[in-house]
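According to the numbering used here, the sequence shown holds residues 2 to 380 in order.
All residues carry an ideal CB built from backbone N, CA and C; glycine is no exception.
These numbers come from a predicted model, not from an experiment.
Below you'll find the structure, written out as structure tokens, and then a few comments.
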Amino acid sequence: MTKRLLNRKETLVYIVLWAALFIAPLVSHYLHLPSDHLPTNWWHEVFAIWKTYAFFLILFLIHNFFLAPLLIYKRKTLLYILSALCLVGVLVAYQCTNRPAEPAHHMPPLEHSAEKPNDIAPAKTAGPRHHIAPPPDMGRHGKRPPLIWGEQDVVGVIMLILLLGMNLGVKLYFKSEDDLKSLHELERKNLEQQLEVLKYQINPHFLMNTLNNIHALVDINPDDAKESIVELSKLLRHILYKDAGGFITIDREIKFINHYLQLMRIRYADSVSIEANFPECPPERQIPSLVLITFVENAFKHGISYRRPSFIKINMTTTADRLTFTIDNSKHPADTNVRKGIGLANVKKRLDILFADDYQLNITDYRLTYHVQLNMPTR
């Protein structure tokens, strides 16, 4: 559909240019001569110009539909150059065979004198002053001039070359527009595929961590393990039925994080201080799904110790079109050399793809705490 629209625009450009070219002789006559002083044969002059324009139009159409595609779409440069030279040759032949016939040359009348016409002396006795030589190749009834190039012929060839160049320029412009749209479409599809791959990596990663948490509860507290399975089912329902396009409302993302925090409270009981502050009435805006939960997972994975006091503090604020998410967690010496998994790396890639430079992610590693702050646009 886009290519068809571009073709229509290109055709419209040609129609406008040629219409202006054919109207120009009429406008020129009316501007340079008052209406009451127009010569009786002015229409013949206009038709003569239109006849020449019509021949140029035929050459233009041949070039537009047959020659230009050889260069622009098929990249056959040599064949195009030879074909364009043939067009120039056709124009030269047309100019040489269609020059207007010149009127017959007549002997100019001699100066009147008192003598009778039959008393006029022959030219050979009149002296050089009265001798008038006939023009070369002059006929009695008017003939076409010799087939020799003149200034008008050169101008015609230059006009044809400019016309063909204009045709190539317009075609190249619309082709570049089409190529640019196709490139944007390919980039969009590529980004969507990358996002799908990243989401497929995040989901198993999240599920693995959650199942490990439940596994730790099975032997310690079966009742809590059962409750954890219920919370996990809510989380999985959230993942399976998330909004199309990988975005979710802020309200649903808050509920998802709360379900996960409830799962962690069951597992860690009172050994970990968990605080979460979310907007009571978040705006009806959307954010990428499974982004914020990755930072929460990372905080529990690397900030919890069974032997030392640990804490997780989460805070979220929103404006009309942006969201700020901060999370602080305790850090323990044993965790300083823990290698991070794919979750955080994938989130960074997703944010780069989705927002480019329109987001800020700051991760600060203090001596006893980790601090993460994410500011991103909402839609």
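Measure the Cβ-Cβ separation of R286 and T379 and say whether it is below 8 Å. In terms of Cβ geometry, R286 and T379 form a close pair [threshold 8 Å].
If we count the other Cβ atoms within 10 Å of its Cβ and call it buried at 16 or more, is P280 buried or exposed? By the beta-carbon neighbour count (other beta carbons within 10 angstroms, threshold 16), P280 is exposed.
What would DSSP say about H131, mapped onto helix, strand or coil? Because H131 sits at a pLDDT of 47, beneath the cut-off of 50, its placement in the model cannot be relied upon, and the following sentence gives the value as read from the coordinates. Residue state, collapsed to three classes: helix.
Can you tell me the Cα-Cα spacing of S308 and L181, whole angstroms? According to the sequence provided, residue 308 is Arg. The question's Ser does not apply to it. So the alpha carbons of these two residues sit roughly 59 Å apart.
Alpha-carbon spacing of V381 relative to D358, whole angstroms: The question about residue 381 has no answer, for the chain in this structure spans 2 to 380.
Considering only C-alpha positions, which residue in the set L352, T320, G157 is nearest to L192? For the options L352, T320, G157, the alpha carbon positioned closest to that of L192 is the one of L352.
To the nearest angstrom, how far is it from the Cα of P289 to the Cα of Y261? So the two alpha carbons sit approximately 17 Å from each other.
Please report the residue range of the beta strand (DSSP E) in which E276 lies. Where E276 is concerned, the enclosing beta strand (DSSP E) stretches over 273-278.
Check whether the Cβ atoms of V28 and V89 lie closer than 8 Å to each other. Taking 8 Å as the Cβ cut-off, V28 and V89 do not qualify as a contacting pair.
Boundaries of the beta strand (DSSP E) in which T319 is found, first to last residue: Here the beta strand (DSSP E) through T319 covers 311-319.
Given a cut-off of 8 Å on the beta-carbon distance, is the pair S234 and N214 in contact? Going by C-beta atoms, S234 is not nearer than 8 Å to N214.
Chain-order list of residues whose beta-carbon lies under 6 Å from that of V47 (same chain, five-residue window excluded): Cβ within range, chain order: P26.
Give the range of the beta strand (DSSP E) segment to which I288 is assigned. Start and end: 287-289.
Between which two residues does the beta strand (DSSP E) harbouring L68 extend? L68: not part of any beta strand (DSSP E); DSSP gives it neither H nor E.
Quick check on R141: does DSSP put it in helix, strand or coil? For R141, the predicted model reports a pLDDT of 43, less than 50, meaning its position is unreliable; a value from the coordinates is still stated below. When secondary structure is reduced to three states using DSSP, R141 falls in the coil class, being assigned neither helix nor strand.
Range covered by the alpha helix (DSSP H) that runs through V89: First-last of the alpha helix (DSSP H) with V89: 78-98.
According to the neighbour-count rule (16 or more other Cβ atoms, all chains shown, within 10 Å of its Cβ), is M265 buried or exposed? Answer is buried; the Cβ neighbour count reaches 16.
Span separating the alpha-carbon of F248 from that of S311: If you take the alpha carbons of F248 and S311, they lie about 32 Å apart.
Less than 6 Å between C-beta atoms, sequence neighbours within five positions excluded: which residues of the same chain meet that for V219? Beyond the five residues adjoining it in sequence on each side, V219 comes within less than 6 Å, by CB distance, of A226 in the same chain, given in chain order.
Identify, in the order they occur along the chain, each residue of the same chain with its Cβ nearer than 8 Å to the Cβ of H30, setting aside the five sequence neighbours on each side. Contacts found: L39, W43, E46, V47.
Apply the 10 Å Cβ neighbour rule to A69 and answer buried if 16 or more other Cβ atoms are within range, or exposed otherwise. In summary, A69 is buried, with 16 or more beta-carbon neighbours lying within 10 Å of its beta-carbon over all protein chains present.
Is the beta carbon of V231 closer than 8 Å to that of I258? The answer is no: Cβ separation not under 8 Å.
Can you tell me where the alpha helix (DSSP H) with V297 in it begins and where it stops? Unbroken alpha helix (DSSP H) run through V297: 293-304.
Measure the alpha-carbon distance for V156 versus V14 and round it to whole angstroms. Approximately 24 Å, taken between the alpha carbons.
Measure from the alpha carbon of S331 to the alpha carbon of each residue in A270, Y95, R368, M209, then state which is nearest. Nearest C-alpha to S331: R368.
Counting only the same chain and skipping the five closest in sequence on each side, list residues whose C-beta sits under 8 Å from that of A217. Counting only Cβ-Cβ distances below 8 Å, and skipping sequence neighbours, we find R268.
Go through its chain and collect everything with a Cβ distance to Y54's Cβ below 7 Å, but skip five positions before and after it. For Y54, where only same-chain residues beyond five positions count, the Cβ hits under 7 Å are L22, F23.
Residues near L80 by beta carbon distance below 6 Å, same chain, minus five either side: The answer, listed in chain order, is L71.
Coarse secondary structure for D179, derived from DSSP in three states: Three-state result, D179: helix.
Determine whether the beta carbon atoms of V292 and I328 lie at a separation below 8 Å. No, these two residues do not count as a Cβ contact at 8 Å.
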